[in-house]
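The block underneath contains the structure these notes are about, expressed in structure tokens.
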Amino acid sequence: MNPIYFHRTLRFFLVIGIIIVAILSFFYLSKVTYPFLIGFLLAFLINPLVNFLQVKGRMPRPLAVLVSLVLLFAVFAGIIILLIAEIVSGANYLAAVVPDHLDTLIAYIEKIVAGQIIPLYNDISRIFNKLDSGQQGTIMANIQNVGKSIGSTVGSFIQNFFGHIPNIIAWFPNAATIIIFSMLGTFFISKDWYRLSAHLRRLLPKRAQTSGRTVFIDLKKALFGFIKTQLTLISITTVIILIGLLILRVDYAVTIALITGIAEVLPYLGTGIIFVPWIIYEIITSDNGLAIGLGVLYLVVLVQRQIIEPKILSSSIGLDPLATLMALFIGFKTIGFLGLILGPVVLVIFNTLNRANVFRDLWIFIKGSEI
Numbered sequence: 019m020n021p022i023y024f025h026r027t028l029r030f031f032l033v034i035g036i037i038i039v040a041i042l043s044f045f046y047l048s049k050v051t052y053p054f055l056i057g058f059l060l061a062f063l064i065n066p067l068v069n070f071l072q073v074k075g076r077m078p079r080p081l082a083v084l085v086s087l088v089l090l091f092a093v094f095a096g097i098i099i100l101l102i103a104e105i106v107s108g109a110n111y112l113a114a115v116v117p118d119h120l121d122t123l124i125a126y127i128e129k130i131v132a133g134q135i136i137p138l139y140n141d142i143s144r145i146f147n148k149l150d151s152g153q154q155g156t157i158m159a160n161i162q163n164v165g166k167s168i169g170s171t172v173g174s175f176i177q178n179f180f181g182h183i184p185n186i187i188a189w190f191p192n193a194a195t196i197i198i199f200s201m202l203g204t205f206f207i208s209k210d211w212y213r214l215s216a217h218l219r220r221l222l223p224k225r226a227q228t229s230g231r232t233v234f235i236d237l238k239k240a241l242f243g244f245i246k247t248q249l250t251l252i253s254i255t256t257v258i259i260l261i262g263l264l265i266l267r268v269d270y271a272v273t274i275a276l277i278t279g280i281a282e283v284l285p286y287l288g289t290g291i292i293f294v295p296w297i298i299y300e301i302i303t304s305d306n307g308l309a310i311g312l313g314v315l316y317l318v319v320l321v322q323r324q325i326i327e328p329k330i331l332s333s334s335i336g337l338d339p340l341a342t343l344m345a346l347f348i349g350f351k352t353i354g355f356l357g358l359i360l361g362p363v364v365l366v367i368f369n370t371l372n373r374a375n376v377f378r379d380l381w382i383f384i385k386g387s388e389i
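Next comes the structure, spelled out in structure tokens:
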């Protein structure tokens, strides 16, 4: 075999092996170091605020980090308190209106049972009685098998549900421990951010520093761009829903719009978790005008999301709209909802590595001096 091709092949498999080992090592280490990875991410996100407090507020960096963490905690606590207040207000409203709606629903079910189910049952009974004993026995055996299957499924569900309760209860102390270590990690990483950065730069060669700086800047732009995109989409959705509910003269339009806008981040469900049951209920209660209005509003929300998301996402993270749309679709078809997030992330990483000439450098290394 030609020595040149042999060495190229050897270097190619060496690069592939290093990449595989690096990926496997990252996944393995992330399982035991994820509180500190969370801490690093939080430190990265609050670093602009820490720098602002340190420079403009003339605070020592440890104090600036502490103040930033307190502000971050206050924001999350405020959001949770606001949600709890809205839930309490909504519960009081439901307690006042649900009994009347429940009576309406029960009357509707009674009407269906009396007008459709009972006559249908009588028709089936007459047909059943006309069958011979063998056919009746077969039907009864199938009904018993279906009943056993349903009973087994329901029993398994209840068993699994109650079986997971101890795990859920045990999760809370573990979650508290993770939060504590993540906060401590955030504090120390953010406090020594520039010292750690300088130490990392000393460990890397000049060429790797240049590529690494390009990768870091692009990934930083993509991360903040993604967060900006989600906030923008939620804001647009909330405004559209609010305008639609005000036109439809729905009570508590602001509260419903806020909750529905936040629900947009839920996987698969999104605003449908609010709109679909609502529309079905309005159809049952014969309020067809409101049902049609809510259906049109829901359709508008879905269409604007599909049209605007690729454009905003591409402009925020610096990607071509067509490439972003393809990444969203391929990610969704490959691994479902998570792919809508990981698809653009993988595209950003590949695009960043390409702009940092990482692939070119690897190709030069593989080809050696023959390039």
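Under our numbering, the first residue of the sequence shown carries the number 19, and numbering increases by one thereafter. The beta-carbon is built from N, C-alpha and C at its ideal position, and this holds for glycine as well. No experiment lies behind these values; they were computed from the predicted model shown.
- Between the region 163 to 173 and the region 21 to 36 there are fewer than three inter-stretch CB-CB distances shorter than 8 Å, so the stretches are not counted as touching.
- Per DSSP, reduced to three states, the secondary structure at G354 is coil, with no helix or strand assignment.
- Its Cα nearest to that of F206, the residue S86 stands out among K385, I258, L380 and S86.
- For G152, the enclosing alpha helix (DSSP H) starts and ends at S151 to K209.
- Taken in chain order, the unbroken stretches of alpha helix (DSSP H) that lie wholly in the region 215 to 286 and span 4 residues or more are 224 to 265 and 271 to 280.
- Setting aside the 5 residues that flank it on each side, K385 is surrounded in the same chain by R26, each with a C-beta closer than 7 Å to its C-beta; the list follows chain order.
- Under the three-pair Cβ rule at 8 Å, the region 295 to 303 does not count as touching the region 237 to 245.
- Beyond the five residues adjoining it in sequence on each side, V88 comes within less than 6 Å, by CB distance, of no other residue in the same chain.
- The beta-carbon separation of L260 and A275, rounded to 4 Å, stays under the 8 Å limit for a contact.
- Within 10 angstroms of the beta-carbon of D236 lie 16 or more other beta-carbons, which makes it buried.
- Using a Cβ distance threshold of 8 Å, S208 and I56 do not count as a contacting pair.
- Separation of the CB atoms of L251 and I330 is rounded to 7 Å, and the pair is thereby assigned contact status at 8 Å.
- In the structure shown, P117 adopts helical secondary structure according to DSSP, grouped into three states.
- Classified as buried, G262 has 16 or more neighbouring CB atoms from the shown chains inside 10 Å of its CB.
- Per DSSP, the continuous alpha helix (DSSP H) segment holding I34 begins and ends at P21 to V73.
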